[in-house]
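Asks: Residue numbers (the working numbering): 263 to 576. Have a look at this one before I ask anything.
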Ligand SMILES: C[S@@+](CC[C@H](N)C(=O)[O-])C[C@H]1O[C@@H](n2cnc3c(N)ncnc32)[C@H](O)[C@@H]1O
């Protein structure tokens with residue numbers, strides 16, 4: 263029985279159970295935008311308990327759902343464009359290798375802390391992934407071990423997509439910069455898909471979530487005022503940025519007051535800083551094939567959006 267006076271997120275990996283809840287709920291609703299038949303099992307009762315204690319996030323479930331929708335879209339498109347290995351750092355309870363129609367030859371590496379991966383393996387032991395899946399138990403904060411892993415992965419494929427979904431918000435800017443540089447150093451690591459929040463959104467999430475974060479759990483930290491351009495000085499450039507808010511509006515998943523906000527936000531004018539904003543960012547490595555020089559990409563960000571302002575999935 264959970265002590266009601268205790269925060270529910272006692273270990274950073276509890277956030278993986280929390281994230282899985284929104285995939286389970288979406289899967290179970292009529293007209294679901296994706297189906298993750300493993301999410302309910304993986305989230306477990308504890309995931310539901312955490313989600314139930316955070317009404318702000320219940321109200322903004324659309325942000326979690328759109329994050330999954332947009333990550334799925336980017337991943338599918340990147341595989342179509344020749345990615346032959348996905349490295350999912352802080353994979354948590356993500357079940358994409360099982361639920362997505364992926365090429366059998368695709369290599370997929372999941373990295374996370376040992377405890378959550380033990381749990382995941384036990385829960386999925388009777389399931390078969392669609393692609394060649396490998397799991398690595400590693401503390402990504404251990405810079406030496408991280409570098410050793412990344413360099414061992416470089417060379418196993420020709421074009422690697424790194425995915426960090428719901429990770430960087432828990433790191434300091436220095437840690438994110440160091441991670442970016444470690445990734446950029448790997449020759450075959452050409453794309454990086456991640457989500458970021460503005461300082462305004464970080465404050466909003468923190469205010470509505472911190473009561474459930476235990477003292478030992480890393481609090482929310484990374485929210486660069488300059489948005490995706492933060493990564494330019496660490497070797498990565500934004501190719502395309504999509505905002506969960508705009509996507510939710512398009513998919514008619516916003517409450518009325520948010521719909522009005524989404525409608526008046528211009529498609530491409532960035533508004534970050536103190537305004538709540540989140541973006542799902544596809545980055546390209548400077549000098550990687552498909553990019554031009556050091557300042558950007560030759561792939562035209564035709565559907566790029568840098569204007570949406572809210573989204574609340576950490
Ligand atoms: C919000 S969850 C996101 C999980 C998954 N990517 C998703 O979107 O459902 C954050 C994940 O980061 C992992 N994580 C946090 N710090 C980590 C570290 N130092 N090393 C490895 N994994 C870490 C946690 O264990 C957890 O699974």
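Where is the CB? At the ideal position from N, CA and C, for every residue including glycine.
Going by C-alpha distance, which of 464, 268 and 358 is nearest residue 297?
Replies: When each option's Cα is compared against that of residue 297, the closest is 358.
Asks: To test your reading of the DSSP string, which unbroken beta strand (DSSP E) runs of 3 or more residues are found completely within the segment 425 to 501?
Replies: Entirely contained in the segment 425 to 501, the beta strand (DSSP E) runs reaching 3 residues are, in chain order, 451 to 459.
Asks: Tell me which same chain residues have a C-beta within less than 6 Å of the C-beta of residue 323, skipping the five on either side of it?
Replies: Correct list, in chain order: 284.
Asks: CA-CA distance, residue 400 and residue 437?
Replies: Their backbone Cα atoms lie some 16 Å apart in a straight line.
Asks: Quick one: is the Cβ of residue 442 within less than 8 Å of any heavy atom of ligand 2?
Replies: Ligands present in the displayed structure are limited to ligand 1, and ligand 2 is not among them.
Asks: Using beta-carbon positions only, say whether residue 456 and residue 502 come within less than 9 Å of one another.
Replies: Not a contact, by the Cβ cut-off of 9 Å.
Asks: Using DSSP bridges, identify the partner residues of residue 394.
Replies: Per DSSP, 369.
Asks: For residue 306, which three-state DSSP category applies?
Replies: DSSP places residue 306 in helix when its eight states are reduced to three.
Asks: Alpha carbon to alpha carbon, how far is residue 435 from residue 537? Give it in angstroms, no decimals.
Replies: Taking the straight line from one Cα to the other gives about 19 Å.
Asks: Can you find at least 3 beta carbon pairs, one from the segment 342 to 350 and one from the segment 364 to 384, that sit closer than 8 Å?
Replies: Short answer: they touch.
Asks: Excluding the five sequence neighbours on either side, which residues of its own chain have a C-beta within less than 7 Å of the C-beta of residue 443, listed in chain order?
Replies: Excluding positions up to five away in sequence, the list reads 496 and 497.
Asks: Quick check: what's the CA-CA separation for residue 281 versus residue 539?
Replies: C-alpha separation (whole angstroms): 19 Å.
Asks: According to the Cβ coordinates, are residue 453 and residue 394 closer than 9 Å?
Replies: Their beta carbons are not under 9 Å apart, which means residue 453 does not touch residue 394 by this criterion.
Asks: Could you round the C-beta distance between residue 448 and residue 416 to whole angstroms and report it? I think they count as a contact, below 8 Å.
Replies: Confirmed, Cβ separation roughly 4 Å.
Asks: Give me, in chain order, the residues of the same chain whose beta-carbon lies closer than 6 Å to that of residue 600; leave out the 5 immediate sequence neighbours on both sides.
Replies: The requested residue 600 is not part of the displayed model; the chain covers only 263 to 576.
Asks: Quick check: residue 380 and residue 396, are their CB atoms within less than 9 Å of each other?
Replies: Not closer than 9 Å, so no.
Asks: Suppose only complete runs of 4+ residues qualify. What are the alpha helix (DSSP H) ranges in the segment 268 to 298, listed by chain order?
Replies: For the segment 268 to 298, whole alpha helix (DSSP H) runs of length 4 or above, ordered along the chain, are 276 to 290.
Asks: CB of residue 280 to nearest heavy atom of ligand 1: below 8 Å?
Replies: Yes, Cβ of residue 280 sits closer than 8 Å to a heavy atom of ligand 1.
Asks: So, helix, strand or coil for residue 547, using DSSP?
Replies: Looking at residue 547 - three-state DSSP - the assignment turns out to be strand.
Asks: Taking the alpha-carbon positions, what's the residue 519 to residue 446 distance?
Replies: So the alpha carbons of these two residues sit roughly 41 Å apart.
Asks: Between which two residues does the beta strand (DSSP E) harbouring residue 351 extend?
Replies: Here the beta strand (DSSP E) through residue 351 covers 347 to 351.
Asks: Quick check: the Cα distance between residue 274 and residue 504, rounded to an integer number of angstroms?
Replies: Each residue's alpha carbon lies about 26 Å from the other.
Asks: Return yes when the Cβ of residue 268 is within less than 9 Å of the Cβ of residue 352, no when it is not.
Replies: Not closer than 9 Å, so no.
Asks: Quick one: residues in its chain with C-beta nearer than 6 Å to the C-beta of residue 470, no 5 flanking neighbours on either side, listed in chain order?
Replies: Result list for residue 470: 318, in chain order.
Asks: Could you check where the alpha helix (DSSP H) with residue 334 kicks off and where it finishes?
Replies: Segment 323 to 342, the alpha helix (DSSP H) holding residue 334.
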